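Undergrad:
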Amino acid sequence: MDLVNNLRAALAGPSHAQRFLRLHTSLGSDVLVAETLDGVEQIDGLGFQWTITALSLDAGLQLAPLIGQGALLQLQQADGSVRPLHGRITAAERLGSNGGLARYRLRLQPWLAFLSQRVDSYVFHDKTVVEIVEDLFAD
Numbered sequence: 010m011d012l013v014n015n016l017r018a019a020l021a022g023p024s025h026a027q028r029f030l031r032l033h034t035s036l037g038s039d040v041l042v043a044e045t046l047d048g049v050e051q052i053d054g055l056g057f058q059w060t061i062t063a064l065s066l067d068a069g070l071q072l073a074p075l076i077g078q079g080a081l082l083q084l085q086q087a088d089g090s091v092r093p094l095h096g097r098i099t100a101a102e103r104l105g106s107n108g109g110l111a112r113y114r115l116r117l118q119p120w121l122a123f124l125s126q127r128v129d130s131y132v133f134h135d136k137t138v139v140e141i142v143e144d145l146f147a148d
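All the letters of the sequence shown, read from the start, carry residue numbers 10 to 148 under my numbering.
(1) Less than 7 angstroms separating the beta-carbons of Ser35 and Gln83?
(2) Taking the straight line between their C-alpha atoms, what separation do you get for Leu16 and Asp67?
(3) DSSP state of Pro93, grouped into three classes?
(4) Given this structure, state the Cα-to-Cα distance separating Phe57 from Gly48, to the nearest angstrom.
(5) Does the region 130-147 come within contact of the region 94-111, defined as at least 3 CB pairs closer than 8 angstroms?
(6) Would you say Leu70 and Leu110 are within 7 angstroms of each other, going by their C-beta atoms?
(7) Tell me, please, which residues DSSP counts as bridged to Leu32.
(8) Identify every residue that forms a DSSP beta bridge with Ser106.
(9) With burial defined as no fewer than 16 other Cβ atoms inside 10 Å of the residue's Cβ, what is the status of Tyr131: buried or exposed?
(10) For Val91, which residues of its own chain have a beta-carbon under 6 angstroms away from its beta-carbon, when the five flanking residues on both sides are left out?
(11) Looking at the secondary structure, which residues open and close the beta strand (DSSP E) in which Ala147 lies?
(12) Please identify the residue among Asn107, Asp39, Ile52 and Ile98 whose C-alpha is closest to the C-alpha of Trp120.
(13) Under three-state DSSP, which class holds Leu66?
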């Protein structure tokens, strides 16, 4: 019976079942299956940046709608507990495909990372810090 189950699993394509990394995006379950994770966490700077390589059966995924969307990466730790990594997708690209699987790279960061994309500058006169922050976040 295990042979039949293994064959079914192989023919079904990649799946999150029994994986140490599980990626959840707005595309749905098992559309992107995490393959590798590389990241940095820090107190200062932008907080964290996770680079995820993922596999998909679809080589033509529309990646532009993913930018700015929330994503969850679940990392199963050695003790069996799951560490959730929440963030926003700040970059997405297709790395290539071989006719069966396509490989994608996603960058996951906190939503504050989008503030680093600003190219304008402001001068604030007679405003409190709270008013300045409200103005910046309103954009």
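Where is the CB? At the ideal position from N, CA and C, for every residue including glycine.
Bear in mind that the values here come from a model prediction, so they are computed numbers and not experimental data.
TA: Result, derived from the coordinates:
(1) Not closer than 7 angstroms, so no.
(2) Unreliable positioning characterises Leu16 in this predicted model, as indicated by a pLDDT of 44, which lies under 50. The coordinate reading is nonetheless provided below. Whole-angstrom Cα-Cα distance: 21 angstroms.
(3) Pro93: strand per DSSP, three-state reduction.
(4) Spanning the two alpha carbons is a distance of roughly 7 angstroms.
(5) Segment contact: the region 130-147 against the region 94-111, fewer than three CB-CB distances shorter than 8 angstroms; contact not assigned.
(6) Not closer than 7 angstroms, so no.
(7) Leu32 has Leu82 as its beta-bridge partners, per DSSP.
(8) By DSSP's assignment, Ser106 forms a beta bridge with Ala111.
(9) That one is exposed.
(10) Closer than 6 angstroms at the Cβ level, and outside the excluded window around Val91, lie Gln83 and Gln85.
(11) Counting along the chain, Ala147 falls outside any beta strand (DSSP E), though it belongs to the alpha helix (DSSP H) covering Val138 to Ala147.
(12) Considering only alpha carbons, the answer is Ile98.
(13) Three-state result, Leu66: coil.
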